[in-house]
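Under my numbering, the first residue of the sequence shown is numbered 22, with each subsequent residue one higher.
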Amino acid sequence: MHFSSALIATIAAATSCIAAPLGPLLPPANPSANASPQYCRTWQDCLNDINNARSSQEGLTPLALPSNWFDLKYEERVFAFINLERQSRQLGPLTTMVNTYNSEVMTGVTDCADPIAPNTLRSWSSIWAGGGSMFPLQAIYLWMYVDGPGGNNLDCTASETSGCWGHRDIILNSKVNTIDSGFGKDSKGQNGFAALLFTASAAPSAGETILTWDSQKGYSGYSK
22 MHFSSALIAT
32 IAAATSCIAA
42 PLGPLLPPAN
52 PSANASPQYC
62 RTWQDCLNDI
72 NNARSSQEGL
82 TPLALPSNWF
92 DLKYEERVFA
102 FINLERQSRQ
112 LGPLTTMVNT
122 YNSEVMTGVT
132 DCADPIAPNT
142 LRSWSSIWAG
152 GGSMFPLQAI
162 YLWMYVDGPG
172 GNNLDCTASE
182 TSGCWGHRDI
192 ILNSKVNTID
202 SGFGKDSKGQ
212 NGFAALLFTA
222 SAAPSAGETI
232 LTWDSQKGYS
242 GYSK
């Protein structure tokens, strides 16, 4: 799935009506409309916008940043916050962040494109977001809450709707348990994020393991 802020010059001011909260929306169910605003500029604004969208779209309680948030690298923050989104909807967490496919992931960052996994990985999905000085909570807000028609999802257009809410569906896929997440500069010098999410059939080696949920969950207020 492609998703770019594309250095958005205009921030939509209109707010679409959203249905009354129905509880957690899990694939194939998705929000009836994008959250507003379509773009957030600071981490605090993004956290507020995420929590406003969670409340208005699904009636979910606010999320707080893990206590070690500012000690984590950008790509590790993606792993940590995605797990907050999953756990708050009663989904199992991504158990491990790995570097197994770091070459493919960073190619996606450089090329502003969804990473493509090697043929040895049979079941996987990928996401990308980039533009300007994008940071983790911006990417997650766009992937999760502004992923539908009329948003900034490059795979969701008037003529092609099959990709609408695709990033969100990948992040909330109950079958995946592992992520290879990357952050860097694209070919134009702008920030970009890319990730492969997949189901690992065996535990990764110590050399391939970047972060585990077991080591992170205590900072995030979870015991499991």
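Backbone N, C-alpha and C define an ideal beta-carbon position, used for all residues, glycine too.
- Inter-segment contact for the region 51 to 58 and the region 165 to 182 is present: three or more beta-carbon pairs are separated by less than 8 Å.
- In the three-state DSSP reduction, Phe91 falls in the helix class (H, G or I).
- Residue pairing for Ile148: DSSP places it in a beta bridge opposite Ala216.
- Check the Cα spacing between Lys238 and each of Tyr60, Glu97, Gly172: the tightest is with Glu97.
- Going by DSSP, Leu232 is part of the beta strand (DSSP E) stretching over 230 to 233.
- DSSP places Met165 in the helix class (H, G or I) of the three-state scheme.
- Gly203: not part of any alpha helix (DSSP H); member of the beta strand (DSSP E) spanning 199 to 206, first to last residue.
- Judged by their CB atoms, Ala134 and Tyr122 are not nearer to each other than the 7 Å cut-off.
- DSSP places Met118 in the strand class (E or B) of the three-state scheme.
- Listed in chain order, the non-local C-beta contacts of Asn73 below 8 Å within the same chain comprise Ala56, local neighbours out to five positions each way being set aside.
- In the three-state reduction of the DSSP assignment, Asn69 falls in the helix class, which pools H, G and I.
- Here Ser76 is exposed. Its C-beta has fewer than 16 other C-beta atoms within 10 Å.
- The three-state reading of DSSP puts Asn123 in helix, counting H, G and I together.
- When rounded, the separation of the alpha-carbon atoms in Thr131 and Gly153 is 13 Å.
- Shortest Cα-Cα distance from Ala150 to any of Ala50, Asn212, Asn51, Leu84 involves Asn212.
- It is roughly 15 Å from the alpha-carbon of Gly129 to the alpha-carbon of Trp145.
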